[in-house]
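Trainee:
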Amino acid sequence: MINEIGYPASGLADIIERAELTKGALYYHFESKEAVATAIIEEGTDTILGAFRSAGRSGSPAMENIVHGWFVVADAITADSVAQAACRLLRTFGGFNPSAKATYGVLEAEFAERVRAAVEQGDVRSDIDADAVVATVLASMLGAELVSSAMTDGRDLRRRFARTLEILLPAIVTGDSLGYYREFLARQSMRILPSS
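If you're matching positions, the sequence shown starts at 30 in the working numbering and goes up one per residue.
1. Going along the chain, which unbroken runs of the beta strand (DSSP E) with 3 or more residues stay wholly within the stretch 132–209?
2. Using CA coordinates, which residue listed in S218, E174, L194 is at the minimum distance from T107?
3. Quick one: residues in its chain with C-beta nearer than 6 Å to the C-beta of A147, no 5 flanking neighbours on either side, listed in chain order?
4. In whole angstroms, what separates the C-alpha of I201 from that of I157?
5. Just to confirm before moving on: does the CB-CB distance between T29 and L197 stay below 9 Å?
6. Once you ignore the five residues that flank G183 on each side, which residues in its own chain have a CB closer than 7 Å to its CB?
7. How would you call V101, buried or exposed, if buried means at least 16 neighbouring beta carbons within 10 angstroms?
8. Buried or exposed: S89, going by 16 or more other Cβ atoms within 10 Å of its Cβ?
9. Report the residue ranges of all alpha helix (DSSP H) runs contained in full by the stretch 53–114; include only those spanning at least 4 residues, in chain order.
10. Does the separation of the CB atoms of E137 and L167 fall below 9 Å?
11. Apart from the five residues on each side of it in sequence, which residues of its chain come closer than 8 Å, Cβ to Cβ, to D109?
12. For D160, is the classification buried or exposed, using 16 other Cβ atoms within 10 angstroms of its Cβ as the cut-off for buried?
13. Under a Cβ-count criterion, where at least 16 other Cβ atoms within 10 Å of its own Cβ denotes burial, should L155 be classed as buried or exposed?
14. Whose C-alpha, out of S83, V111, S87, is nearest the C-alpha of W99?
15. Taking its Cβ as the centre, do 16 or more other Cβ atoms sit within 10 Å of H58, making it buried, or is it exposed?
16. Thinking L227 and V96 are a contact (beta carbons under 8 Å), I'd like their distance in whole angstroms, please.
17. CA-CA distance, R86 and G53?
18. When you compare the CB positions of E139 and L78, do they come within less than 9 Å of one another, or not?
As structure tokens, then:
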């Protein structure tokens with residue numbers, strides 16, 4: 030329902046009807062509409078963070094895991110309606126919901142680990158601040174997800190992630206590694222879900 034009409038337009042009566050619950054059953058599990066939203070954020074972001082984590086293949090360079098990770102995240106968001114709703118709710122509650130804030134913090138911290146590893150491995154430029162790379166790439170990808178959600182209900186998320194990375198790679202990847210990562214990005218972006 031949140032994916033269809035948004036959180037503000039979703040009333041508790043609508044949620045109760047859609048979930049086929051009684052009012053008492055809903056209030057047994059959730060004290061408010063915001064508590065329902067928090068549960069959706071937590072479940073959906075578990076899927077998203079799990080996807081990002083699963084993309085970290087041991088033995089692969091950190092930069093490969095970064096690029097691959099964003100496509101695995103795109104696939105998870107595209108395939109999972111709870112993850113889609115969680116993304117919408119993260120935007121709605123990002124500034125004041127503890128679960129939303131925590132999600133952004135965890136994603137930023139885990140992404141930062143990969144960026145720092147890529148710097149150490151010589152694939153990300155050491156002359157730029159790793160925290161600036163993290164902040165810029167994360168903001169760009171979140172923006173790509175927002176625009177994809179608004180314009181195509183998320184159907185073009187992979188393409189938007191690919192375009193974003195295509196623009197950002199030359200700014201962050203070392204000259205020696207750039208050609209390889211452009212090719213790697215092209216291969217990753219061509220791997221498309223059957224439903225896309």
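In this text, a Cβ means the ideal position worked out from N, Cα and C, and glycines have one as well.
Mentor: On the basis of the data shown:
1. For the stretch 132–209, not a single whole beta strand (DSSP E) run of length 3 or above is found.
2. In the sequence shown, residue 107 corresponds to position 78, counting from 1. Looking at the Cα atoms, E174 is the closest of the given residues.
3. The count along the sequence shown starts at 1 and reaches residue 147 at position 118. Correct list, in chain order: A91, M92, V153.
4. Position 172 of the sequence shown, counted from the start, is the residue given in the question as residue 201. Position 128 of the sequence shown, counted from the start, is the residue given in the question as residue 157. Approximately 8 Å, taken between the alpha carbons.
5. With the chain covering only 30 through 225, there is no way to say anything about residue 29.
6. Walking along the sequence shown from the start, residue 183 turns up at place 154. The residues are I106, T107, Q113, S177.
7. Within the sequence shown, the letter at position 72 stands for residue 101. Counting Cβ neighbours within 10 Å, V101 comes out buried, since at least 16 surround it.
8. Counted from its first residue, the sequence shown places residue 89 at position 60. That one is exposed.
9. Qualifying alpha helix (DSSP H) stretches, in chain order: 62–83, 91–108.
10. Counted from its first residue, the sequence shown places residue 137 at position 108. Counted from its first residue, the sequence shown places residue 167 at position 138. Yes; because the gap between Cβ atoms is below 9 Å, this pair is in contact.
11. For this step, residue 109 is matched to residue 80 along the sequence shown. The beta carbon of D109 lies closer than 8 Å to those of G73, T76 in the same chain, with the five residues before and after it left out.
12. Position 131 of the sequence shown, counted from the first residue, corresponds to residue 160. Residue environment for D160: exposed (fewer than 16 other C-beta atoms within 10 angstroms of its C-beta).
13. Position 126 of the sequence shown, counted from the first residue, corresponds to residue 155. Rather than Leu, the amino acid found at residue 155 in this sequence is Ser. Classification for S155: exposed.
14. Translated into positions along the sequence shown, residue 99 becomes position 70. With distances taken between Cα atoms, W99 lies closest to S83.
15. In the sequence shown, residue 58 corresponds to position 29, counting from 1. By the neighbour-count rule (16 or more Cβ atoms within 10 Å), H58 is not buried but exposed.
16. Since the first residue shown for the chain is 30 and the last is 225, residue 227 is missing from the structure and cannot be characterised.
17. Taking the first residue of the sequence shown as 1, we reach residue 86 at position 57. Taking the first residue of the sequence shown as 1, we reach residue 53 at position 24. Taking the straight line from one Cα to the other gives about 45 Å.
18. Within the sequence shown, numbered from 1, the residue matching residue 139 stands at position 110. Within the sequence shown, numbered from 1, the residue matching residue 78 stands at position 49. Their beta carbons are under 9 Å apart, which means E139 touches L78 by this criterion.
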